[in-house]
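Taken in order, the sequence shown gives residues -19 to -1, 1 to 203; the numbers are from mature numbering (1 follows the signal peptide of the UniProt record, and there is no 0).
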Amino acid sequence: MKNFALIFAFAASVVPALARPAVDDSDIKPPYPMGQVGWVGRLSKDGPTETIWADDLDDVDVIVQAKKPGFSIFDGSLDAFNNAIVSERSVTEGRLEKRERYCNNFGQVGATSVNDGIEHLRGVTAGCSVAARQCIRTTCNGGAAIVLCNDNYNAITIPCGTVATMAQDINRNCMWAPSASCTLFGCNASVYVVSGQEFADTGGYNVIVGTCGAFSASGQSV
């Protein structure tokens, strides 16, 4: 009976651990040095277009709320000030077409967490800016990062919603379920995981879905 209890305890501890593959972030290297994300938008109807830099958009939102209490970059309260900015940049960036996509190269993260990040990012009606030859972490949700990388030798700004659209493509096309793990007491359900990189057809940038710990401007993992 004692041996049975030990086996049960061991099995119970193993099943949750196998729910999502473990990833060593130290083995994952960003294509370029990590930098800060720039939020490009207006905080009032007649105000100037500002660029606010921070480690990710959540940190940008903290700065925005300090400057303009009651407003957030995520909840639509600034949309009326920034719809024109996003429309102008959408025209200059051209039609979004996918050129290349690579899967399973930046760690394995939960597909549900990626979806959370996509919805988070879609709420930002403004531009996402990245310096020349750098990558930026736009969002980090449940360990899943959505990253924008700039292949150009000049800074670029694109609609944050465009980054979300490309991340959605990665989530749709680079998702898989590792084999279910089984014990004496049955099999655990597979957890869908995602990892990948997609390049825009024009504009010289790409989007990565990977682990938060591997993509950070200041070393924070969440």
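Positions of the beta carbon are idealized from the N, C-alpha and C atoms, including for glycine.
A check of alpha carbon separations from V190 across T164, R153, S171 and G184 identifies R153 as the nearest. Taken in chain order, the whole alpha helix (DSSP H) runs of length 4 or more contained in the stretch 117 to 181 are 141 to 154.
Nearest to C130 by alpha-carbon distance, out of I139, G142, Y186 and D56, is Y186. For the pair P140 and A158, the Cα-to-Cα distance works out to about 31 Å. The alpha carbon of K10 has as its nearest neighbour, out of V128, T143 and V172, the alpha carbon of V128.
A195 is not a Cβ neighbour of G57, given a cutoff of 8 Å. With a cut-off of 8 Å on Cβ pairs, the stretch 177 to 186 is not in contact with the stretch 91 to 106, counting fewer than three such pairs.
Residue state for V43 is assigned as helix, using DSSP reduced to three classes. Closest in C-alpha terms to C84, from the list C163, I151, G16 and A113, comes I151.
Here V95 carries a helix assignment [DSSP, helix/strand/coil].
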